[in-house]
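Residue numbers (my numbering): 53 to 106.
Report on one structure; see the data block that follows.
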(Lines of atoms letter the chains of each structure in order from A and count residues from 1; the text may use other names and numbers.)
(Lines give C-alpha, C1' and ligand atoms only; values in the text may rest on other atoms or scores of the structure.)
Protein backbone atom coordinates (compact mmCIF):
# COMPACT_ATOMS: atom_id res chain seq x y z
CA UNK A 1 0.00 0.00 0.00
CA UNK A 2 2.77 2.44 0.89
CA UNK A 3 4.55 1.60 -2.36
CA UNK A 4 1.41 2.44 -4.36
CA UNK A 5 1.08 5.78 -2.58
CA UNK A 6 4.74 6.56 -3.23
CA UNK A 7 4.38 5.69 -6.93
CA UNK A 8 1.31 7.92 -7.22
CA UNK A 9 3.18 10.78 -5.53
CA UNK A 10 6.14 10.39 -7.90
CA UNK A 11 3.81 10.27 -10.91
CA UNK A 12 1.98 13.39 -9.70
CA UNK A 13 5.25 15.26 -9.12
CA UNK A 14 6.46 14.27 -12.59
CA UNK A 15 3.22 15.50 -14.14
CA UNK A 16 3.49 18.82 -12.31
CA UNK A 17 7.08 19.27 -13.48
CA UNK A 18 6.02 18.62 -17.08
CA UNK A 19 3.18 21.13 -16.73
CA UNK A 20 5.60 23.78 -15.43
CA UNK A 21 7.91 23.14 -18.39
CA UNK A 22 5.00 23.38 -20.82
CA UNK A 23 3.78 26.61 -19.21
CA UNK A 24 7.27 28.10 -19.56
CA UNK A 25 7.36 27.17 -23.25
CA UNK A 26 3.88 28.60 -23.85
CA UNK A 27 4.90 31.84 -22.12
CA UNK A 28 7.57 32.32 -24.81
CA UNK A 29 4.95 32.33 -27.59
CA UNK A 30 3.21 35.45 -28.89
CA UNK A 31 0.13 36.45 -26.90
CA UNK A 32 -2.21 35.67 -29.80
CA UNK A 33 -0.90 32.10 -29.94
CA UNK A 34 -1.20 31.77 -26.16
CA UNK A 35 -4.85 32.82 -26.39
CA UNK A 36 -5.56 30.25 -29.12
CA UNK A 37 -4.04 27.53 -26.96
CA UNK A 38 -6.13 28.61 -23.98
CA UNK A 39 -9.30 28.60 -26.09
CA UNK A 40 -8.51 25.09 -27.35
CA UNK A 41 -7.94 23.85 -23.81
CA UNK A 42 -11.16 25.44 -22.59
CA UNK A 43 -13.07 23.98 -25.54
CA UNK A 44 -11.73 20.51 -24.78
CA UNK A 45 -12.72 20.91 -21.13
CA UNK A 46 -16.26 21.92 -22.08
CA UNK A 47 -16.61 18.97 -24.47
CA UNK A 48 -15.35 16.62 -21.76
CA UNK A 49 -17.85 18.01 -19.25
CA UNK A 50 -20.68 17.71 -21.77
CA UNK A 51 -19.80 14.07 -22.43
CA UNK A 52 -19.78 13.31 -18.70
CA UNK A 53 -23.13 15.03 -18.25
CA UNK A 54 -24.60 12.77 -20.90
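Yeah, the Cβ is synthetic: ideal placement off N, Cα and C, and Gly gets one too.
Predicted model, so just to flag it, every value in this text is computed and none were measured.
- In terms of Cβ geometry, residue 78 and residue 93 do not form a close pair [threshold 8 Å].
- Here the alpha carbon of residue 80 sits roughly 38 Å from the alpha carbon of residue 106.
- In the DSSP annotation of this structure, the continuous segment of the alpha helix (DSSP H) that includes residue 74 starts and ends at 54-79.
- For residue 106, the secondary structure class from DSSP, reduced to helix, strand or coil, is coil.
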